[in-house]
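A.B. asks: Mind having a look at this structure? Questions to follow.
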Amino acid sequence: MDMRRLLGRNVKRCRIEAGLTQEQLSELSGFSQQYISDMERGLRNPTIVSLYELAQALGTTPVVLITPDEEAAAEG
């Protein structure tokens with residue numbers, strides 16, 4: 001399981017569920033829109049502090065952002 005891709009899918013899902021654009025999440029979290037985009041595509045490896053800050057901006061917990069989804073289960 002690629003944790004960066006899993007995190008990216010979960011961040012994107014939570015962002016969309018919250019009705020936020022990448023720009024809006026950028027403003028709430030303090031990360032650039034490019035960083036958010038890269039993370040959603042699995043290209044970033046955020047620190048635990050970054051994970052916490054993203055979760056706070058999304059109104060969720062870090063655990064939700066790293067919980068395996070159906071696609072991760074299919075990856076094996």
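Sequential numbering from 1 applies to the sequence shown in the working numbering.
All residues carry an ideal CB built from backbone N, CA and C; glycine is no exception.
Give me, in chain order, the residues of the same chain whose beta-carbon lies closer than 7 Å to that of residue 26; leave out the 5 immediate sequence neighbours on both sides.
C.D. replies: What you label residue 26 is simply residue 26 of the sequence shown in a count that begins at 1. So the qualifying residues of the chain are 32, 33 and 36.
A.B. asks: What separation, rounded to the nearest whole angstrom, lies between the Cα atoms of residue 70 and residue 12?
C.D. replies: Counted from its first residue, the sequence shown places residue 70 at position 70. Counted from its first residue, the sequence shown places residue 12 at position 12. The alpha-carbon atoms of residue 70 and residue 12 are separated by roughly 15 Å.
A.B. asks: If we ignore side chains and look at the alpha-carbon of each, how far apart do residue 44 and residue 38 end up?
C.D. replies: Residue mapping note: residue 44 aligns to position 44 of the sequence shown, counting from 1. Residue mapping note: residue 38 aligns to position 38 of the sequence shown, counting from 1. Roughly 6 Å separates the two Cα atoms.
A.B. asks: Look at residue 7 and residue 48 and say whether their C-beta atoms are less than 8 Å apart.
C.D. replies: On the sequence shown, residue 7 is found 7 positions in, with the first residue counted as 1. On the sequence shown, residue 48 is found 48 positions in, with the first residue counted as 1. The answer is no: Cβ separation not under 8 Å.
A.B. asks: Could you pull out every unbroken alpha helix (DSSP H) segment of at least 4 residues lying fully inside the region 7-56, listed in chain order?
C.D. replies: Runs of the alpha helix (DSSP H) inside the region 7-56: 22-29 and 33-40.
A.B. asks: Residue 68 by DSSP, collapsed to three states: which one?
C.D. replies: The residue you call residue 68 lines up with position 68 of the sequence shown. Three-state result, residue 68: coil.
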